[in-house]
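Residue numbers (the numbering used here): 406 to 1424.
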């Protein structure tokens, strides 16, 4: 495979295997000045599809539109206290996902929720968010949400009222109550709500023979069972990375998907500071490239089934090198030996063990949710043996220790249904007909249940098999409570009256089990008031709602020591993998998708169009295959393959993924929906058809065979390739775009970033303008950026950026103002990753301004490069002349077909652009102007940190900083003066206002060769 020449910093960077190999398909994209199809008007069919997608993008609220909260109305002629028309207000709330409450702040504009941010008082949110939370406001206005109760009868579906459903349900359940609940079963999603737990107890008291089943397709059952095995009690592990020196992630994505991912990332970057006296080191042993793997100082691609044997081998190596602990008994070591004898190459283990033992109490070993319980038990044993229990690793009791686990729970329920012992099934949330293990045939079992009642936000795949369906209220429409991962009580409060008269899960359960159904407000207040401190409960209640959390309610950690005997017994009873993996015996891995999760967010256009960080795929999933494995199988990138696994078959396109573990194929869950809605239907391929109850996470025995058919990916990684000359130029200077060093190099040459490229002292064409007031600028620290994409979705929500659809993304017409460039370097089978957020850098000598014939892009008095939309005539010269390729052109009228009510999801402080207009990042100029007005009214200067851009507020690691460069004491000015600071493409004399701070890795000297420092040549 041909390679791009190494850049001047000794690293070999490439964006895709197609670019690395210079395939004919890639070279064909380099010829034209503009990408193929960008100058063509859309065809009729494409326009209709586009409008379907945009229906979700602009958050249609249906024919009735958004409604105001039910409250006492005061005429604004006599304005009510504490409210100013047109002024956004933030409310603390929370969103339950996978049984944990995520703390949020929801911005309401005259009664309309329009933006989600993190709650800085929440122990895990810390003021930041993730893409799912950011995009949840779009879900609120989804036109495909369920609107009214429905009853299936005689092969037809009839719309009903809540009164009709209530009459039926209470009458039907009264009969079951007389039978002590015999024949009744509840199938629910995980919930952290204490109010829900109280109603559950009431339900089981009213129906003592009823069955209660909890199912989440993406869950932490393995960790739960493994910790119980090790400690003898059901506990949750809590990791602290701020003081860690060595972190070992075993198939664990600590920075994405985990309930504490934001806190993990924040603590990790704090310990991974190259300017600190001591810098932590992260090792990742994983099968599928993750955010954690991308941030690792060392990443070792390893099939998922080999991770536990590697951990066993690591334990033996630690003991061999002198780790002395009463937990590592001879019985433990003897039980580990059969697992360590598997034929797996681990040349790094000796150096890894030595690194751990240099500071054993400051090492953390984390096993991922995909790994079996035994891996979690052994990790807990090793953590305790290293001496970090109670400091870097703590355990708190599970809220519901009796929960058997999602797979066991739904398997037992299906057995009862097939046996005819379930006559009434109540489903609260979820979509088991779509996401239950395929071998359970949940749909067939559901046919044997005479009465099924579903509460759901959408009419989904399960709805068609249910007798009754009733709409669920969105979390932004309902009262509720929840608990953070550490047990902290969180508030949930409505910002708007339910758009479709939906009911929250607690209101629904109250309707079914209580003699006098209560409102969500009464239920939550009844739960929370006894927990509030002080005598003035009303004041404490208001403070709880204001803060969103109740301080002092976190669960106390338990002091528990792992039981070596239990681990030994499990090691002996389990069998190490015996059949080696090969092209004829592949491993299949099921992965949570970072955007659509388990499929519940499939109808969200913002998340569908968000490029997945590693593959850069939008509107699709694929079978991820390692380059060497694909070559052995003779399968090409984009070829549709036939996958056969444990009796199931699936056709899916192959994506050749650098860094994927050998002989291991990964499938993202959550796609292939048939009843998601107009956005999510028919997108991608349904991986659940291969998922079984015996191997829900991974398993061997997969065969993969190419069919010869081709699939077109809407992939953004090779966009803006320009032409052969431009591609060659970028390849030569990509080491200057992405500037990295190892810690030893950095400490020897602190100024490596600024010296890698020497900018010429060019004479300006005109006298530079003096900005005497404010000079806004930004700094992006690549040392802190984890590539989570929260900034991209936050920018989209803040700035009314539309969704364009798969076909338009394929034509390179995506509209995101901010993108995350991802580069590989190294060997294709085990590369490292470098990534870089790129938006408009607001050049002081902007190339776009010099070619615009209409003067539509100009500088304002603060030096911002701004767009005058009504001047723009759409020549796109500015986009062609922009060296950063950050300008976006509107090929469509995105809003002209919608009524004023349907546009209410938009941020009213940001102009909605029309067709034929160029747009780009504005540094959130609307927030700048708001801060100026407030400061002027209060007769004071704008303080540092008062203005926070949308991307900045969302960032989990605080990698983005905005402020006034004219203030030498401001944080952004100090970061611009940091020794790692550099301005991308500064040699072009464009004067960028955004500076990037170079990334510094901390590799183990025993595992890598030192990259020789070389100064770049003069331009």
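Backbone N, C-alpha and C define an ideal beta-carbon position, used for all residues, glycine too.
Every value quoted in this text rests on a predicted model; they were computed, and no experiment measured them.
Give the single residue among the options whose Cα lies nearest to the Cα of residue i.
{"i": "residue 874", "options": "569, 516, 671", "result": "569"}
{"i": "residue 1150", "options": "754, 1385, 488, 770", "result": "1385"}
{"i": "residue 1018", "options": "1240, 823, 662", "result": "1240"}
{"i": "residue 956", "options": "554, 1312, 894", "result": "894"}
{"i": "residue 1016", "options": "838, 933, 1242", "result": "1242"}
{"i": "residue 662", "options": "1237, 623, 797", "result": "623"}
{"i": "residue 1061", "options": "904, 974, 946, 1233", "result": "1233"}
{"i": "residue 754", "options": "1229, 726, 995, 972", "result": "726"}
{"i": "residue 1408", "options": "1218, 937, 705, 1223", "result": "705"}
{"i": "residue 925", "options": "901, 1273, 884", "result": "884"}
{"i": "residue 544", "options": "1011, 937, 1166, 1143", "result": "1011"}
{"i": "residue 1373", "options": "1211, 1182, 1276", "result": "1182"}
{"i": "residue 852", "options": "819, 737, 599, 1166", "result": "819"}
{"i": "residue 1070", "options": "1033, 1099, 1085", "result": "1033"}
{"i": "residue 734", "options": "606, 579, 1275, 968", "result": "968"}
{"i": "residue 1156", "options": "777, 627, 1371, 1402", "result": "1402"}
{"i": "residue 775", "options": "658, 890, 891, 859", "result": "658"}
{"i": "residue 856", "options": "822, 880, 836, 838", "result": "822"}
{"i": "residue 511", "options": "800, 866, 493, 586", "result": "493"}
{"i": "residue 652", "options": "630, 677, 629", "result": "677"}
Are the CB atoms of residue j and residue i within a distance shorter than 8 Å?
{"i": "residue 907", "j": "residue 935", "result": "no"}
{"i": "residue 711", "j": "residue 688", "result": "no"}
{"i": "residue 995", "j": "residue 1102", "result": "yes"}
{"i": "residue 541", "j": "residue 519", "result": "no"}
{"i": "residue 1250", "j": "residue 1169", "result": "yes"}
{"i": "residue 837", "j": "residue 815", "result": "yes"}
Could you pull the start and end residues of the beta strand (DSSP E) that residue i belongs to?
{"i": "residue 811", "result": "Note, residue 811: premise wrong, no beta strand (DSSP E); alpha helix (DSSP H) at 811-823."}
{"i": "residue 688", "result": "686-691"}
{"i": "residue 654", "result": "651-655"}
{"i": "residue 704", "result": "703-706"}
{"i": "residue 673", "result": "Residue 673 -> not in any beta strand (DSSP E); alpha helix (DSSP H) instead, spanning 666-676."}
{"i": "residue 1115", "result": "1103-1115"}
{"i": "residue 935", "result": "No beta strand (DSSP E) holds residue 935; DSSP gives it neither H nor E."}
{"i": "residue 860", "result": "856-861"}
Over what stretch of residues does the alpha helix (DSSP H) that includes residue i continue unbroken?
{"i": "residue 711", "result": "709-725"}
{"i": "residue 838", "result": "837-840"}
{"i": "residue 731", "result": "From DSSP, residue 731 is part of no alpha helix (DSSP H); its letter is neither H nor E."}
{"i": "residue 1151", "result": "1148-1153"}
{"i": "residue 1356", "result": "1355-1359"}
{"i": "residue 1253", "result": "1252-1256"}
{"i": "residue 738", "result": "735-745"}
{"i": "residue 1341", "result": "1330-1342"}
{"i": "residue 1285", "result": "1282-1286"}
What is the DSSP secondary structure of residue i, counted as helix, strand or coil?
{"i": "residue 452", "result": "Only weak support is given to the placement of residue 452: the predicted model assigns it a pLDDT of 44, under 50, and the question is left unresolved by the model."}
{"i": "residue 1241", "result": "strand"}
{"i": "residue 1323", "result": "strand"}
{"i": "residue 464", "result": "Only weak support exists for where residue 464 lies, its pLDDT of 44 falling under 50; the value from the coordinates is given anyway. If DSSP states are grouped into helix, strand and coil, residue 464 belongs with coil."}
{"i": "residue 834", "result": "coil"}
{"i": "residue 804", "result": "coil"}
{"i": "residue 948", "result": "helix"}
{"i": "residue 1229", "result": "strand"}
{"i": "residue 475", "result": "Unreliable positioning characterises residue 475 in this predicted model, as indicated by a pLDDT of 46, which lies under 50. A coordinate reading is not provided."}
{"i": "residue 1407", "result": "coil"}
{"i": "residue 1246", "result": "coil"}
{"i": "residue 1174", "result": "coil"}
{"i": "residue 867", "result": "coil"}
{"i": "residue 1197", "result": "helix"}
{"i": "residue 1345", "result": "coil"}
{"i": "residue 1044", "result": "strand"}
Looking at the ligand SAH, does it come within less than 7 Å of residue i, judged from the CB to the closest heavy atom?
{"i": "residue 1087", "result": "In the structure on display, the ligand SAH does not appear, and there are no ligands present to speak of."}
For a minimum of 4 consecutive residues, which ranges assigned as the alpha helix (DSSP H) are wholly contained in the segment 515-580?
Whole alpha helix (DSSP H) segments, 4+ residues: 536-545.
Report the start-end ranges of each beta strand (DSSP E) in the segment 619-644 that is 3 residues or longer and not cut off at the edges.
Along the length of the segment 619-644, whole beta strand (DSSP E) runs at least 3 residues long occupy 640-644, reported in chain order.
Please give the ranges of any alpha helix (DSSP H) in the segment 886-919, keeping only runs that are unbroken, at least 4 residues long and fully inside the region.
Segments of the alpha helix (DSSP H) lying fully in the segment 886-919: 910-918.
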